[in-house]
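First to last, the sequence lines map onto chains B and D. Going letter by letter, the first sequence gives residues 1 to 157 in UniProt numbering. Going letter by letter, the second sequence gives residues 1 to 157 in UniProt numbering.
Protein chains: 2
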Amino acid sequence: MTGNESPVPGSGGFMDLALEEARAAAARGEVPVGAVLVRGGEILAADGNRTLELSDPTAHAEILVMRRAAATLGSQRLPDCDLYVTLEPCPMCAAAISFARIRRLYFGASDPKGGAVENGVRFYSQPTCHHAPEVYSGLAERDAADLLRGFFRDRRG
Amino acid sequence: MTGNESPVPGSGGFMDLALEEARAAAARGEVPVGAVLVRGGEILAADGNRTLELSDPTAHAEILVMRRAAATLGSQRLPDCDLYVTLEPCPMCAAAISFARIRRLYFGASDPKGGAVENGVRFYSQPTCHHAPEVYSGLAERDAADLLRGFFRDRRG
Chain B
1 MTGNESPVPG SGGFMDLALE EARAAAARGE VPVGAVLVRG GEILAADGNR TLELSDPTAH
61 AEILVMRRAA ATLGSQRLPD CDLYVTLEPC PMCAAAISFA RIRRLYFGAS DPKGGAVENG
121 VRFYSQPTCH HAPEVYSGLA ERDAADLLRG FFRDRRG
Chain D
1 MTGNESPVPG SGGFMDLALE EARAAAARGE VPVGAVLVRG GEILAADGNR TLELSDPTAH
61 AEILVMRRAA ATLGSQRLPD CDLYVTLEPC PMCAAAISFA RIRRLYFGAS DPKGGAVENG
121 VRFYSQPTCH HAPEVYSGLA ERDAADLLRG FFRDRRG
């Protein structure tokens, strides 16, 4: 996607934009994960990981877009919003998604080592989870996974 | 503790300060949880919940003090730091504590409904947790729990 095209409304277009954010994160030397927050077809925020740049252990892509959208809307809750993210959220992000009352979560690659939705603590299936989004996984999974694999291979190389 | 006294170095004094932050949060209408981040006997940050004030679902006391300390130190990791918090951390905060490489976690009241350390997902015992702090629970437990009970009783009233 080039800079002056709008993503096609629908999950494919928004996930393409999340992948663009993941690529931009990789170019900054950050773990390549990107996220887009959408309400009623409108993009409220799009960003990638910035933990190194911001010296902030919480600056995962999902947290950054939720914080920005919540500040814009003036509410800690985002009940009509959908989140697109290239990687399965970790426990920090999975819980924040729950607290923000996100309606739908779309994610790309599964993360057996650090995920908390379909892997690990499977937070949304736990009795201590008080709101679970609808979850759709596997969108653009290969692109998202390839990006992560390439990033870690280059760092090892 | 009054404003111009330093807390006694040691866990009791720091937890007293965390309780002061929890009381200040209650006075702002926020869920009364407070946290203090300490390195080498020096307080790097102290704060209470500000999710309403900041319109930020991630603005739990623990997250706020870790973000501030990490920004101050210019690193997303806080390996020599200890965190004092009045309530058992939720999954979001428990995972952020792990990512920040916090050395020791001291908490007050147990949280069967939302905690993720001794309750719920028990994140630090999971294979998807890659750093666990040393955990000390039950410090000033009664004061911390009384504060929360009083707050929710008043809100229902």
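All C-beta atoms in this analysis are idealised placements derived from N, C-alpha and C, irrespective of residue type, glycine included.
> Is the Cβ-Cβ distance between Gln76 (chain D) and Thr51 (chain B) less than 9 Å?
Replying inline: Here the question's residue 76 (chain D) lines up with position 76 in the second sequence. Here the question's residue 51 (chain B) lines up with position 51 in the first sequence. Closer than 9 Å, so yes.
> Applying a beta-carbon distance threshold of less than 8 Å, which residues of chain D neighbour Ser55 (chain B)?
Replying inline: The residue labelled residue 55 (chain B) in the question sits at position 55 within the first sequence. Those within 8 Å of Ser55 (chain B) in chain D are Ala70, Ala71, Leu73, Gly74, Ser75 and Gln76.
> Of the choices D:Ser137, D:His60 and D:Phe107, whose alpha-carbon is the least far from that of Phe99 (chain B)?
Replying inline: Looking up residue 99 (chain B) in the first sequence gives position 99. For the residues D:Ser137, D:His60 and D:Phe107, the minimum Cα distance to Phe99 (chain B) belongs to D:His60.
>> On the DSSP bridge list, what partners appear for Arg39 (chain B)?
In response: One-based indexing of the first sequence puts residue 39 (chain B) at position 39. In the DSSP output, where bridge partners are listed per residue, Arg39 (chain B) has B:Glu42 and B:Cys81.
> From this set, D:Gly12, D:Leu19, D:Gly13 and D:Phe14, which residue's C-alpha is nearest Asp146 (chain D)'s C-alpha?
Replying inline: In the second sequence, the residue the question calls residue 146 (chain D) occupies position 146. Selected option, being the one with the closest Cα: D:Leu19.
>> Check this for me: beta carbons of Leu78 (chain D) and Arg39 (chain D), under 9 Å apart or not?
In response: Within the second sequence, the letter at position 78 stands for residue 78 (chain D). Within the second sequence, the letter at position 39 stands for residue 39 (chain D). Yes.
> Short check: CB of Glu88 (chain D) to CB of Asn49 (chain D), under 9 Å?
Replying inline: Locating residue 88 (chain D) in the second sequence gives position 88, where the first residue counts as 1. Locating residue 49 (chain D) in the second sequence gives position 49, where the first residue counts as 1. For Glu88 (chain D) and Asn49 (chain D), no; Cβs fall outside 9 Å.
> Who are the Cβ neighbours of Val121 (chain D) in its own chain at under 7 Å, not counting the five residues just before and after it?
Replying inline: Position 121 of the second sequence, counted from the start, is the residue given in the question as residue 121 (chain D). So the list reads Pro91, once near-sequence residues are dropped.
> Which bits of chain A does Arg67 (chain D) rub up against, with CB to CB less than 7 Å?
Replying inline: Absence of chain A from the displayed structure is noted, the protein chains being B and D.
> Rounded to the nearest angstrom, how far is the Cβ of Ala144 (chain D) from that of Gly115 (chain D), given a contact under 8 Å?
Replying inline: For this step, residue 144 (chain D) is matched to residue 144 along the second sequence. For this step, residue 115 (chain D) is matched to residue 115 along the second sequence. Their Cβ separation, rounded to whole angstroms, is 12 Å, which puts Ala144 (chain D) and Gly115 (chain D) out of contact at 8 Å.
> List, in order along the chain, the chain B residues whose C-beta lies closer than 8 Å to that of Ala109 (chain D)?
Replying inline: By 1-based counting over the second sequence, the position of residue 109 (chain D) is 109. The premise fails here: Ala109 (chain D) is roughly 15 Å from chain B at the closest Cβ pair, so nothing lies under 8 Å.
> Does Met15 (chain B) have its Cβ less than 9 Å from a Cβ in chain D?
Replying inline: On the first sequence, position 15 is the one that residue 15 (chain B) refers to. No, because no Cβ of chain D sits closer than 9 Å to the Cβ of Met15 (chain B).
>> How far does the beta strand (DSSP E) with Gly108 (chain D) in it extend, from its first residue to its last?
In response: Sequence index remark: in the second sequence, residue 108 (chain D) carries index 108 (1-based). Per DSSP, the unbroken beta strand (DSSP E) holding Gly108 (chain D) starts and ends at Arg104 to Ala109.
>> Here's the rule I'm using: 16 or more other beta-carbon atoms within 10 Å means buried, otherwise exposed. How should Gly34 (chain D) be labelled?
In response: As a working note, residue 34 (chain D) is residue 34 in the second sequence. Here Gly34 (chain D) is buried. Its C-beta has 16 or more other C-beta atoms within 10 Å.
> With distances taken from CA atoms, which of D:Asp111, D:Arg67 and D:Gly150 is nearest Arg101 (chain D)?
Replying inline: One-based indexing of the second sequence puts residue 101 (chain D) at position 101. Nearest of D:Asp111, D:Arg67 and D:Gly150 to Arg101 (chain D), Cα basis: D:Arg67.
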